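Contents: one structure, followed by commentary.
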Amino acid sequence: AQSVAQPEDQVNVAEGNPLTVKCTYSVSGNPYLFWYVQYPNRGLQFLLKYITGDNLVKGSYGFEAEFNKSQTSFHLKKPSALVSDSALYFCAVRDSNNDMRFGAGTRLTVKP
Amino acid sequence: ETGVTQTPRHLVMGMTNKKSLKCEQHLGHNAMYWYKQSAKKPLELMFVYSLEERVENNSVPSRFSPECPNSSHLFLHLHTLQPEDSALYLCASSQSPTAEAFFGQGTRLTVV
Numbered sequence: 002a003q004s005v006a007q008p009e010d011q012v013n014v015a016e017g018n019p020l021t022v023k024c025t026y027s028v029s030g031n032p033y034l035f036w037y038v039q040y041p042n043r044g045l046q047f048l049l050k051y052i053t054g055d056n057l058v059k060g061s062y063g064f065e066a067e068f069n070k071s072q073t074s075f076h077l078k079k080p081s082a083l084v085s086d087s088a089l090y091f092c093a094v095r096d097s098n099n100d101m102r103f104g105a106g107t108r109l110t111v112k113p
Numbered sequence: 109e110t111g112v113t114q115t116p117r118h119l120v121m122g123m124t125n126k127k128s129l130k131c132e133q134h135l136g137h138n139a140m141y142w143y144k145q146s147a148k149k150p151l152e153l154m155f156v157y158s159l160e161e162r163v164e165n166n167s168v169p170s171r172f173s174p175e176c177p178n179s180s181h182l183f184l185h186l187h188t189l190q191p192e193d194s195a196l197y198l199c200a201s202s203q204s205p206t207a208e209a210f211f212g213q214g215t216r217l218t219v220v
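This is the structure we're talking about:
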C-alpha cells in the first residue's frame, strides 16, 4: 500500500533563510506526488506536483520540490522564507488506484 | 477560493441527531472525496466517488453514509455519531487520477 512519511512535526526557520520540509514515500509503480498547504481554519491548497519529467518541480508562492527516486523522497523547498509561509504542510501520494494518501503534516513557523 | 464549497462551515450535533454535510463543485471534475482531519493525525480518506459511483470505502463506520446524486454534489449523512467523530471533514474533487485535488474549506463537526 502506498504511504508517505513526514519525519518532522515542526520546522522553524528565520525569515529570509532557506526552508526544507521533508517527505518520503512508499508506493508500488510510478509515484504521483503532491504538496499542499493549509492555513488556519481553511482547507488544503495545492502547491505543486510531480508526475513525470524533471526532478525539480516549481510551484506556487516560490516553492519547489525535488523528486529523488533513489531516496524515495520529495522534499519541499524555498530559497527565502517569508513569515506568511507559516502554515501546515502536507505531502501526498497517489497511485494508479486513484487513492490519495497524506502524511501527518509538518507545521512550518517562520520567525521575523 | 478553490471552486469547492462545503456547508455548513461549523456543526454541533448530539449523538442521537441526524445531519448532513454538503459539498458542491462546478469545476467539471469527475472524482469527489471525503476526508476526515483529526488533530495530530494524517488525513483519513473516507470515501471516493468516480463518475458518481462509489469506488472506495476505507472501512468507515456505517454511521457515516455518503451520497453522490450527480457529478457536482456530494453529501455525507451522519447519524448516531460518537464524540470521537468530532473533526474537520474535508471534501475534495479532481479531474483525473493524476491530477491534484481541490479542497473545500471543510466542516468543523463537534459531537456532544
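Protein chains in written order, with my numbering: chain A, 2 to 113; chain B, 109 to 220. Built from N, CA and C at the ideal position, the CB exists for glycine as well. Note that this is a predicted model, so its numbers are computed, not measured.
Interface flag, residue i vs chain B, CB-CB below 8 Å
{"i": "S26 (chain A)", "result": "Ser is not the amino acid found at residue 26 (chain A); the sequence shown has Tyr there. It does not: the Cβ of Y26 (chain A) has no partner Cβ on chain B nearer than 8 Å."}
{"i": "G63 (chain A)", "result": "no"}
Residues bridged to residue i [DSSP beta-bridge criterion]
{"i": "A200 (chain B)", "result": "B:Y141 and B:F211"}
{"i": "H118 (chain B)", "result": "B:R216"}
{"i": "H134 (chain B)", "result": "According to DSSP, H134 (chain B) bridges with nothing at all."}
{"i": "M154 (chain B)", "result": "Answer is none; M154 (chain B) lacks a bridge partner."}
{"i": "V38 (chain A)", "result": "A:Q46 and A:Y90"}
{"i": "L189 (chain B)", "result": "Answer is none; L189 (chain B) lacks a bridge partner."}
Helix, strand or coil at residue i according to DSSP, with G and I counted as helix
{"i": "S62 (chain A)", "result": "Ser is not the amino acid found at residue 62 (chain A); the sequence shown has Tyr there. Helix."}
{"i": "L14 (chain A)", "result": "According to the sequence shown, residue 14 (chain A) is Val rather than Leu. Correct three-state label for V14 (chain A): strand."}
{"i": "P177 (chain B)", "result": "strand"}
{"i": "S74 (chain A)", "result": "strand"}
{"i": "I5 (chain A)", "result": "Just to set this straight, residue 5 (chain A) is Val in the shown sequence, not Ile. Of the three classes helix, strand and coil, the one that applies to V5 (chain A) here is strand, per DSSP."}
{"i": "V168 (chain B)", "result": "coil"}
{"i": "E67 (chain A)", "result": "strand"}
Chain A contact for residue i (CB, 8 Å cutoff)
{"i": "G111 (chain B)", "result": "no"}
{"i": "E175 (chain B)", "result": "no"}
{"i": "F210 (chain B)", "result": "yes"}
{"i": "A161 (chain B)", "result": "It is Glu, not Ala, that sits at residue 161 (chain B) in the sequence shown. No, no contact with chain A."}
Determine, using beta-carbon pairs with one atom in the region 185-200 of chain B and one in the region 20-27 of chain A, whether at least three such pairs fall under 8 Å. no
Closer than 8 Å between beta carbons: that is the criterion. Which residues of the region 28-61 of chain A meet it against chain B? Y33, F35, Y37, N42, R43, G44, L45, Q46, F47, K50 and I52
Can you confirm whether the region 129-143 of chain B touches the region 210-218 of chain B when touching is taken to mean that 3 or more C-beta pairs between the two stretches lie within less than 8 Å? yes
To be precise: take each residue of the region 127-159 of chain B, compare its Cβ to all Cβ atoms of chain A, and keep it if any distance is under 9 Å. Which residues remain? A139, Y141, Y143, Q145, K148, K149, P150, L151, E152, L153, V156 and S158
Compile a chain-ordered list of the residues in the region 61-89 of chain A whose CB is closer than 9 Å to at least one CB of chain B. none
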